[in-house]
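Below: one structure, written as structure tokens.
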Amino acid sequence: MSKSLSSPSPKLVFLIADGMGDLPVAVLGGRTPMEAAETPAMDKLATLGRVGLCRTVPHGMAPGSDVANMSLLGFDPASHHTGRGPIEAAALGLALEADDVVFRLNTVTVSDFAATGLMRDYSAGHIDTAVSTELVRQLGASCLPAGYELHAGVQYRHLLVAKGAAGREEATVFVRPPHDITDQPMAPDIAALQSVPALWQFVTCAARLLAGDDNASKANAVWPWGQGRALSLPSFTESFGLRGAVVSAVDLVKGLGRAAGMAVLDVPGATGLLDTNYEGKVAAALEFLKDGDFVFVHVEAPDECGHGGDAAAKTEAVARFDARIVAPMLGALGESASVLIACDHPTPIAVRTHTTDPVPFLFWKAGIAANGAAAFSEREAAKTGLLIEPGHTLLAQTAAWARG
Ligand SMILES: [Zn+2]
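Shown next as structure tokens:
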């Protein structure tokens, strides 16, 4: 890392609205949620700054938030991504051996845990963390195969570790992300789970236990997916010359930050939903920036609304991101920091899942030459003709713009 003694370290703020990008929606009069939402802060910055598209999901990779956020943090997923589970394990600070395999484990709602069943809800009705933590404890006591570990996370997001399984079928079995198959048949995934006896024993035991009368939650099954071996990332500070932090409700973003040696700021009341503690996130970010150089503030709600297919809620989520994250950050920092705003991937209302399309981004620093956007939206970003590809170069590019 090399810094000029004559120029102070430029501060850079990166604000991420997960899944914000979309397609025109009929009930919004053919506008996207970004176009329909009141977003005066982002629209003004767009007219003053540099707006374009960024390919956050490399060709051939699935558009998971893990892949896309790794790109936004400046690391090439094609070289560094081992799976969703390992990133979240890093967030929890789990000690893993090199030959362990870590699955993400959702508590889900299914019509019936069988090949004929349908995936109803990847989140089990956004199950309460305390409720799901108790269910995970019971599953651990009653259903866990030898050589496996269970770790409860936030809401429906848990981890299942198969110790020493790197050379076994656990490492290669493919179960689809449950948020990609809402209301779809589970037959291929059930067949995959049946091919690994220990996994099948675990998930069928879990379905029996969750069917019990004393479970009042919507969780009636568990769903292991996104597995891989332990994650290791280069140091963020050494890579970019910036002392950085992440602020997020979700474990995968915390895990990426922790794996890159960044500060991970915990904010009480950060829920990952529309009702998240926006003010707490802003306060934590501003406090860190007193000494730090870079903060990555991640808001999950637009993605959740996209998965829910709720255009009005997604529009509200985008408006709150603008009013309660972007505007106060700008108000507090003035011209003392550069600002980068993006989403990790689109989660269009029409498809209710992630897509691989390039995402809109916006960069502003005091005095930068604008590149012609009239507002911050997918269409305006496409119109400028600026495309950052591969997406993991965006951060280094904007850090260079920030240094001037
Ligand atoms: Zn995402």
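Okay, so the sequence shown: first residue is 1 according to the UniProt record's numbering, each after it adds one.
C-beta: ideal position from N, C-alpha, C; glycine also.
Being a predicted model, the structure only gives us computed values, none of them experimental.
| Query | Result |
| --- | --- |
| Where Asp344 falls, given that 16 or more other Cβ within 10 Å makes a residue buried | buried |
| Per DSSP, cross-strand counterpart(s) of Trp223 | Asn106 |
| Met119 - containing beta strand (DSSP E), residue span | 119-121 |
| Integer Cβ distance of Ala230 from Asn220, believed to fall under 8 Å | Their Cβ separation, rounded to whole angstroms, is 31 Å, which puts Ala230 and Asn220 out of contact at 8 Å. |
| Contact test: Asp303 Cβ vs ligand 1 heavy atom, cutoff 7 Å | yes |
| Runs of beta strand (DSSP E) lying entirely within the stretch 232-258, each at least 3 residues, in chain order | 244-247 |
| Spatial distance of Ser4 from Arg403 (CA atoms) | Bear in mind that a pLDDT of 41 at Ser4, under 50, signals an unreliable position, so the model cannot answer this. |
| Cβ shell of Trp200 (< 8 Å), same chain only, five flanking positions each side left out | Leu193, Gln194 |
| Neighbour-count burial assignment, Ala37, 16 or more Cβ in a 10 Å radius | buried |
| Gly309 - DSSP class collapsed to helix/strand/coil | coil |
| Assigned exposure category for Asp291 - 16 Cβ within 10 Å defines buried | exposed |
| Beta bridge counterpart(s) of Cys54 as assigned by DSSP | Val359, Ile388 |
| Whole alpha helix (DSSP H) elements within the stretch 285-332, 4-residue minimum | 301-307, 311-321 |
| Leu73: first and last residue of the uninterrupted beta strand (DSSP E) it sits in | Element bounds for Leu73: n/a, residue is neither H nor E. |
| Within 8 Å, strictly: CB atoms of Gly52 and Ile388 | yes |
| For His81 and Trp364, the rounded distance between their alpha carbons | 29 Å |
| Of the residues Phe236, Leu252, Val359, the one placed nearest Ala260, counting alpha carbons only | Phe236 |
| Backbone secondary structure at His158 - three-state DSSP | strand |
| Leu15 - containing beta strand (DSSP E), residue span | 11-17 |
| Coil, strand or helix - Ser217 by DSSP | coil |
| 8 Å Cβ cutoff met for Leu150 and Leu92 | no |
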